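Just so you know, we're using my numbering here: the sequence shown kicks off at 39 and counts up by one.
Positions of the beta carbon are idealized from the N, C-alpha and C atoms, including for glycine.
All of these numbers come straight from a predicted model, not from anything done at the bench.
Have a look at the structure below before the remarks.
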Amino acid sequence: MQPSVHTSTAMASRMAPQVLLRRYKPLSTITAATIAENVEASRFLPGPAPEAVIVEIPASARFALSFVENDPWTVLGLDRVTHLLAWVAEGELFERLRDFHIDNPPPGIHFKVFAQLEEAKRWVKQMMAGS
Numbered sequence: 039m040q041p042s043v044h045t046s047t048a049m050a051s052r053m054a055p056q057v058l059l060r061r062y063k064p065l066s067t068i069t070a071a072t073i074a075e076n077v078e079a080s081r082f083l084p085g086p087a088p089e090a091v092i093v094e095i096p097a098s099a100r101f102a103l104s105f106v107e108n109d110p111w112t113v114l115g116l117d118r119v120t121h122l123l124a125w126v127a128e129g130e131l132f133e134r135l136r137d138f139h140i141d142n143p144p145p146g147i148h149f150k151v152f153a154q155l156e157e158a159k160r161w162v163k164q165m166m167a168g169s
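Set out below in structure tokens:
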């Protein structure tokens with residue numbers, strides 16, 4: 039069984055030495071503060087800092103308005119700790135996240151939104167291989 043860390047909003051574990059999987063819990067509210075909490079908690083996992091992070095977001099999760107207004111990517115310096123970021127969401131949430139991030143991509147991070155976890159895994163693998 040892979041080691042994992044849990045916070046109030048998510049669980050994280052390694053999919054590979056350089057790939058972190060973060061699964062948000064149902065009904066979570068995602069804010070800059072909860073992202074910071076999860077990034078910090080992930081540092082307690084054994085192994086090197088992850089090059090890629092895959093984030094699964096359930097349809098019942100909510101994004102606080104402060105998340106959009108406060109540019110958490112820059113505030114949290116995520117570009118210094120993550121090179122590849124894949125979000126996985128279903129249905130309407132997938133469409134909203136995809137549409138929002140087409141116009142507002144996180145600076146300094148290769149980022150994409152997916153409807154399926156397997157698609158995200160393939161993209162991360164390709165990007166890490168330099169394809």
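DSSP beta-bridge partners of residue i
i	result
Ala-124	Ile-92 and Lys-150
Met-49	His-44 and Arg-61
Ile-68	Phe-101
Ala-74	Ala-74 pairs with nothing; no bridge assigned.
Residue i versus the options, residue with shortest Cα-Cα distance
i	options	result
Leu-59	Ser-66, Ser-98, Asp-137 and Ala-48	Ala-48
Glu-94	Trp-161, Gln-164 and Ala-124	Ala-124
Arg-134	Thr-120, Ala-153 and Gln-40	Ala-153
With 16 other Cβ atoms within 10 Å as the buried cut-off, status of residue i
i	result
Pro-86	exposed
Glu-156	exposed
Ala-167	exposed
Lys-163	exposed
Bounding residues of the alpha helix (DSSP H) (the contiguous stretch that carries residue i)
i	result
Leu-83	That residue, Leu-83, is in no alpha helix (DSSP H); it is neither H nor E in DSSP.
Gln-164	155-167
Proximity test, Cβ basis, 8 Å: residue i and chain D
i	result
Leu-131	Protein chains in the displayed structure number just one, and chain D is not present.
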